[in-house]
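Those protein sequence lines, which keep their order, are chains A and B. The numbering used here puts the first sequence at residues 1 to 297. The numbering used here puts the second sequence at residues 1 to 297. C-beta: ideal position from N, C-alpha, C; glycine also.
2 protein chains.
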Amino acid sequence: MTSPIKRVLLVGGTHGNELTGVFLVKKFQRVPKLIQRVTFETCTLLANPKACEVGRRYIDTDLNRCFEHQNLENLGLSTYEAQRAKVIYLTFGTGGSLEADFVVDLHSTTSNMGLTVIVGSHNPFNMQLAAYLSCINPNVKVLDSRRKASDNPYLDSICKFGCTIEVGAVAQGVLNATLFQQTEELVYAILDYVEAYNTGVLLAKKDTFTIYETIRTIDYPRDEFGKIQAMVHPRLQFRDYEALHPGEPLFLSFDGEDIIYDGDSVVYPVFINEAAYYEKGVAMHITQQHQIFSANI
Amino acid sequence: MTSPIKRVLLVGGTHGNELTGVFLVKKFQRVPKLIQRVTFETCTLLANPKACEVGRRYIDTDLNRCFEHQNLENLGLSTYEAQRAKVIYLTFGTGGSLEADFVVDLHSTTSNMGLTVIVGSHNPFNMQLAAYLSCINPNVKVLDSRRKASDNPYLDSICKFGCTIEVGAVAQGVLNATLFQQTEELVYAILDYVEAYNTGVLLAKKDTFTIYETIRTIDYPRDEFGKIQAMVHPRLQFRDYEALHPGEPLFLSFDGEDIIYDGDSVVYPVFINEAAYYEKGVAMHITQQHQIFSANI
């Protein structure tokens, strides 16, 4: 048998205005027995407490882009989030004082992502967990945003195993009770999966499951000064994970002109019209759909 | 005939993260002929440019609570928004260098308010305009948030006539193309109404229209430290302007308990789960529904 998971870290508030994770972590801190299991310890973390306090995504810079090793080792970086990332890594990361084997980072999004599990890396544990979650709840989508670079800026990369949960659509600064409850159930399913894994129990999976692989991003049309010139098209809004065919509209200009998807194959956009990505130059992520054979993981 | 409207002020970006108004005003500034009419001048204003630049509701304090006369006259107030309010009032307010007779302030909300026209005061011009807009578009709702106090903190109070447009549900920091287009049409309908008013033309209205009068607000259940203990109930979420009966659920606690509306009459909640109102201690506004006879305005 592979080595057991000894410590799981549940993170909320990596972005201070994504309230689902913030309030779930606070609930778990108030009622720890909800996340206690027999074979491992579960820790909780409010990752960006200052941003949570003021209800903003971040204070100085996006915490969920601060975990590349070269940055964690760079003592010259002095933003609040760069320092916070170091503290989190030194506590829960590999070799840390409370080293965790598996981390779940709870996010929400203004895109209609439903219940999305993002697998940051393709190791068998992450993939089998994703297969299990999509088997027990057909609403769960699995997104592969694996970066080609070996170094990874996301919080879920600090442990051996990890995933990010994105739930939406929900506005920043808003608690949606339905999504709160669905995310809570998903966390319990993850913890139960880890418990089964540790005790050698194989939980049911389907023969195949669907994974969406991010292949590139598309920015808003912009003028020479970088100002956006169009909006996500009404026919695409809230259509995350649905097929987009060549010739279908992507954007609507402020003057009412359609701007068309001119690719040559069917793709599946996600993170459509996420509020926090306007400043990142991202109107949506473009993915391809794959069927994965569970037996091949 | 009553005196004509000589200047109309269209305002966006009073809150920097409500993008519908921000981008509509930018469009009108780029293509001024869209808002030009024969009998009056139309001015545009991005009310809080610093907040727009950083994509936040405000820098120091809520600009749309800065327009009480005692504050406009208080030279000791030094927040960015307090100073900005004085500049706006001295320019477009009564006696200002570009005094406007009528102001339209464009907002958006995370609540499902559709196309709401808020009449700040009950003068016949405001009310007849509201009657006309709800006649030509059945999706338009009219909200009376008239304050009992004679002094009014809202931007739409700086002119003789004025209204606030609230469109939603849309997340902060997000452009929703459908709501953008609907708001644009509403602005043109307002300008056409003013043109007709100035030329003595009576535009069609129905005999009666519905108005929702705000009677009080309800806060989230909170603990002794002011921390919220419950979320808007899934059965109430996005149900703005729908009837709420005594005994129906208002909130869902983090532990899954229903919290019931214990009033003794049917009411119509609005601004349900507006992101910006968490800090104001407001989970929703409670309104009563009235039928207004157009002939009695």
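| Asked | Found |
| --- | --- |
| Neighbour list for A:Gly173 in chain B, Cβ cutoff strictly below 8 Å | Thr110, Gln172, Ala275, Ala276 and Tyr278 |
| Anticipated Cβ contact below 8 Å, B:Thr42 with B:Gln36, distance rounded | 6 Å |
| C-beta atoms of B:Thr214 and B:Glu166 nearer than 8 Å | no |
| B:Lys311 at chain A interface by Cβ criterion, 8 Å | The structure shown does not extend to residue 311 of chain B, since chain B is modelled only from 1 through 297, so no value can be given for it. |
| Which listed residue (B:Lys206, B:Ala171 and B:Gly13) has its alpha carbon closest to that of B:Asn112 | B:Ala171 |
| Contact list for A:Ala177 against chain B, beta-carbon separation under 8 Å | Met231, Val232, His233, Pro234, Gln237 and Leu252 |
| Start-end ranges of the beta strand (DSSP E) lying completely within the stretch 198 to 264 of chain A, minimum 3 residues | 208 to 218, 230 to 232, 249 to 253 and 258 to 260 |
| Beta-carbon separation (whole angstroms), B:Gly247 vs B:Gly55, contact threshold 8 Å | 41 Å between Cβ atoms; not a contact. |
| Minimum Cβ-Cβ distance from A:Phe180 to chain B less than 8 Å | yes |
| Partner residues on chain B for A:Phe23, Cβ-Cβ distance less than 7 Å | Phe254 |
| Rounded distance between the beta-carbons of B:Tyr277 and B:Tyr193, thought under 8 Å | No, B:Tyr193 and B:Tyr277 are not in contact; Cβ-Cβ is about 30 Å, not under 8 Å. |
| CB contact below 8 Å: B:Tyr80 versus chain C | Protein chains A and B are contained in the structure displayed, whereas chain C is not. |
| Nearest to B:Tyr212 (by Cα), restricted to the options B:Asp262, B:Arg84 and B:Gly120 | B:Gly120 |
| contact_flag[the stretch 3 to 21 of chain B, the stretch 261 to 274 of chain A] where n(CB pairs < 8 Å) is 3 or more | no |
| Cut-off 8 Å between Cβ atoms - residues of its own chain near A:Gln70, not counting five sequence neighbours on either side | Asp151 |
| Between the CA atoms of A:Glu18 and A:Arg239 - distance to the nearest angstrom | 21 Å |
| Residue closest to A:Ile292, alpha-carbon to alpha-carbon, out of A:Gly226, A:Gln182, A:Pro4 and A:Ser134 | A:Ser134 |
| 8 Å Cβ cutoff met for B:Thr183 and B:Thr287 | no |
| Proximal residues to A:His285 (C-beta, below 6 Å), its chain only, five neighbours per side dropped | Thr214, Thr217, Val270 and Phe271 |
| Residue interval of the alpha helix (DSSP H) (run including A:Ser134) | Pro124 to Ile136 |
| Rounded separation between A:Ser78 and A:Lys86 - CA only | 11 Å |
| Beta-carbon gap between A:Asp101 and A:Lys6 smaller than 8 Å | yes |
| Cβ neighbour criterion (16 or more within 10 Å) applied to A:His122 | exposed |
| Residue interval of the alpha helix (DSSP H) (run including A:Val87) | Tyr80 to Phe92 |
| Three-state secondary structure (DSSP) of B:Ile158 | coil |
| Pick from A:Asp60, A:Leu186, A:Asp258 and A:Cys159 that is closest to A:Arg84, judged by C-alpha positions | A:Asp60 |
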